[in-house]
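Counting from 13, one number per residue, gives the positions in the sequence shown under my numbering. Below you'll find the structure, written out as structure tokens, and then a few comments.
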Amino acid sequence: MKIETISRDGCRTHLLVSESTQEAILVDPLLAHAEAGLKLLRDNGLTLRWAIDTHTHADHLSAASLLAQKTGAGYLMHDSTRVATVTKRVTDGEELGMGEMVLKFLHVPGHTRDSLVLALPGTLLTGDFLFLGSDVAGRLDLPGSDVESHYRSLRKLDSYKGTVEIRPAHDYKGLTAATLENERASNPVLSPRTRDEYIRWWSQRRPGPADWMGKVVAANNDGTIDPAAVEIPKEGYACSTACATTAPTVPEWSVAELSKRIASTPLVILDVREPEEYRDELGHILGSRLIPLGELPSRISEVPSGAIVTVCRSGKRSARAAAALMSAGRTDVHSMSGGMLAWNEAGLPVEHGS
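Following this line, the structure appears as structure tokens:
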């Protein structure tokens, strides 16, 4: 079995080869490099069996759909992915064999809902779940990100020996791999912390919204094969925390304060839950506008000017949404503490339906 890192421009693509069958897997292939990948396969007499994305990418377009079309290979991701062109969906702990090679898939939500680690003997392909050194891990302020889920996912590394090699999907410092032992000693994401300490630590590492990233996610969900489908900036560090800055402090209103202000002040009430939550038993505030948190970076222009209060189920997502709005230059933004849970507990009026 051979593992080779074939892309070295910040985004990493890994080539896995069964030397007994000359079959290959490409992990996290870039659409911009698709033709080069196909040429590499031809020049080495390799048959592509699988194109795998470790997660739905927000900073570049995936070549997996195009490679599957051109070669007949399968396109594999985690079962929770929304990518329409995936042909095989795997669950946590599932294994896949190819020649002498056996891959085990670990579901590690946090950076995205569908994040995977690919476990091979002596090697973990960690995608954006874990980077090397001070680059820490993939951002946790993007569509589908969740800090608490990432904290729980890190526990899946506890059973692995320090000699295991880590190969991430991104590196901006010219590194290819490092041992897990080295990362445990140098990578702050692996420093011992309680759940609450971990959440507080990440709250200070928010580079701010990048509106174009929502368009990249949408294009990858559609399985685009057009490299020009989305205009992607070239500044780099898109999914890294290397350029992280302290998030703006988000002012909060209690449900009682918001209830009083609704009666006397023109407000934009922005509900950032998912559509099914907006219509569930908790209901929503009369006159609120729904834009899910995951879609907000690409839809900030739809939020009317004026005073804004963000609302979610418990207050966590609404704080993130308010921070994103403030980073985008909006002023007079508040988050409703306690969310719709607190609103309902206070017996305040709600509306159901669309």
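Ideal placement from N, C-alpha and C gives every residue a C-beta, glycine not left out.
State buried or exposed for residue i, treating a residue as buried only when at least 16 other CB atoms are found within 10 Å of its CB.
i: T258; result: Note that T258 scores 42 on pLDDT, short of 50, meaning its location in the model is unreliable; the coordinates nonetheless yield the value given after this. Label assigned to T258: exposed.
i: P133; result: exposed
i: G359; result: exposed
i: M156; result: For the sequence presented, residue 156 should be read as Gly rather than Met. Classification for G156: buried.
i: T236; result: buried
i: A231; result: buried
i: L298; result: exposed
i: E247; result: For E247, the predicted structure reports a pLDDT of 49, less than 50, and the residue's modelled location is therefore unreliable. The matter cannot be settled from this model.
i: E16; result: exposed
i: D238; result: exposed
i: H26; result: buried
i: S313; result: exposed
i: V29; result: buried
i: P41; result: buried
i: E289; result: buried
i: S198; result: exposed
i: T277; result: exposed
Give a yes or no on whether the C-beta atoms belonging to residue i and residue j are separated by under 7 Å.
i: A334; j: S326; result: no
i: A48; j: A75; result: no
i: S32; j: E112; result: yes
i: L136; j: V176; result: yes
i: G318; j: V280; result: yes
i: R207; j: Y163; result: yes
i: I430; j: L282; result: A question about residue 430 goes unanswered here, because the residues of the chain that appear run from 13 up to 366.
i: V284; j: R342; result: no
i: V120; j: S165; result: yes
Report the CB separation of residue i from residue j in whole angstroms; it is logged as a contact under 8 Å.
i: L60; j: A85; result: 4 Å
i: V129; j: Y210; result: Not quite, the Cβ-Cβ distance comes to about 18 Å (not below 8 Å), so this is no contact.
i: R291; j: H364; result: 6 Å
i: H123; j: G22; result: Not confirmed; about 16 Å, so no contact.
What are the start and end residues of each continuous alpha helix (DSSP H) run of 4 or more residues lying completely inside the stretch 276-337, in chain order? Taken in chain order, the unbroken stretches of alpha helix (DSSP H) that lie wholly in the stretch 276-337 and span 4 residues or more are 287-290 and 308-311.
Whether or not the stretch 62-71 and the stretch 136-151 are in contact is what I'm after, with contact meaning three or more pairs of Cβ atoms, one per stretch, closer than 8 Å; do they touch? yes
Just checking, does the stretch 261-280 make contact with the stretch 343-357 on the three C-beta pairs under 8 Å criterion? yes
Inside the stretch 42-105 only - alpha helix (DSSP H) runs reaching at least 4 residues: 46-55 and 76-83
Give, in chain order, every unbroken run of the beta strand (DSSP E) that is at least 3 residues long and sits entirely within the stretch 106-151. 107-110, 113-119, 128-132 and 135-139
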